[in-house]
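Notes for the one structure printed next.
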Amino acid sequence: MTDINNVTNTLGTNYSKERNETETKSGGELGKSEFLELMIAQLNNQNPLEPQDNGQFIAELAQFSTVEGIQNMSAGFEDLAVSYKSSQALQASALVGGAVTVDGNTSSSLRHGELVFGMADIPAATDGLTLQITNDTGQIIESVALGYQPNGELSFKWDGANLEVNGKIADVDYDKFETDENGNIIPHAAGDYKFQISGNVLGQNQVFDTSMSQRVDSVTIKDNNNIQLNLAGGGTATMAQVKQINAVY
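Counted the way our numbering counts, the sequence shown spans residues 1 to 249.
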């Protein structure tokens, strides 16, 4: 009799311990394990003369399946979000030292030996298209006639002297540039420049949205796990604002 009491007390202690751990772990929430335990306990303690209705039992099984599916789906979404953020951070870190074209950014920093990249959206065929480049004092240093352009995206590269538009060298006035002792053109000074593209659309002069490149100095992971690109000159950009990743020559 003593042995039976000891076993009973031991089982009671273990059951109480497991129940307390389950309650502490769940924090008041009913997970799939607790749901299954309750359903089994219900079956073990039902009246044999009045067993549970088959339809009700199937409904409870379906409910259990739904609870398990929701938990698995939630865990899957969390894993997917972590994986996406890690991939985005890795991609962003690879941009440091390179250049990105940022949506809505109209200025860029020229460094000798490197290119400045630009993009503009031309909504309709345009005559008299012109690219105007202004230095940090507001002086217009270049006004290059680009002529007729069809609708679509226009892209260009600039090294401080030579200008390439949609893969073709534009007609730049090289006579105004100074040359070195070997006769090579000396490009404009390194620094910050602003770019504007305008043209004639249906008889009206229109300024088009232009996006310029900027060097990525560093990357910051914000408190909300969003990625921030820290650009040369003090500007910032999100990954969503990057229109193009450019090679630095």
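Don't be surprised by glycine CBs; every beta carbon is placed ideally from N, CA and C.
Best match in G234, T134, K157, A89 for proximity to N224 [C-alpha to C-alpha]: Nearest neighbour of N224 by Cα position, chosen from G234, T134, K157, A89, turns out to be A89.
Short check: CB of T134 to CB of K176, under 8 Å? Between T134 and K176, the CB-CB gap reaches or exceeds 8 Å.
Kindly indicate which three-state DSSP category T238 falls into: helix, strand or coil? Strand, per DSSP.
Pull up the CB-CB distance for L110 and G160, whole angstroms please, since I reckon it's below 8 Å. Sure, about 5 Å apart at Cβ, within 8 Å.
Outcome for I197 when other beta-carbon atoms lying within 10 angstroms are tallied against a minimum of 16: Under this definition I197 is a buried residue.
For A145 and K222, I'd like the C-alpha separation in whole angstroms. When rounded, the distance between both Cα atoms is 43 Å.
In whole angstroms, what is the alpha-carbon distance linking R215 and E178? Looking at the two C-alpha atoms, the distance is approximately 27 Å.
Between the segment 114-123 and the segment 200-211, do at least 3 Cβ pairs fall closer than 8 Å? Look at the beta carbons and you see the segment 114-123 touching the segment 200-211: at least three pairs across the two are nearer than 8 Å.
How about Q244 and T236: are their beta carbons less than 8 Å apart? No, the pair does not count as a contact, with Cβ atoms beyond the cut-off.
Residue of N166, D192, I169, N162 minimising C-alpha distance to N184: Answer by Cα proximity: N162.
So what's I141 in DSSP terms, helix, strand or just coil? Note: I141 maps to strand in three-state DSSP.
Indicate whether K157 and V102 have their beta-carbon atoms separated by less than 8 Å. In this structure, K157 sits away from V102, with a CB-CB distance that is not shorter than 8 Å.
Give me, in chain order, the residues of the same chain whose beta-carbon lies closer than 6 Å to that of G28; leave out the 5 immediate sequence neighbours on both sides. Low confidence applies to G28: its pLDDT is 49, below 50, so where it sits in the model is not reliable, and the reading given next is rough at best. Counting only residues of its own chain and dropping the five nearest sequence neighbours on each side, G28 has no CB closer than 6 Å to any other CB.
Considering only the beta carbon of each residue, do T130 and G199 sit closer than 8 Å? Taking 8 Å as the Cβ cut-off, T130 and G199 qualify as a contacting pair.
I believe S218 touches N230 by the beta-carbon criterion, under 8 Å. Please report the beta-carbon distance rounded to the nearest angstrom. Correct: roughly 5 Å between the Cβ atoms.
Tell me whether the beta-carbon of N246 lies closer than 8 Å to the beta-carbon of G98. N246 places its beta carbon less than 8 Å from that of G98.
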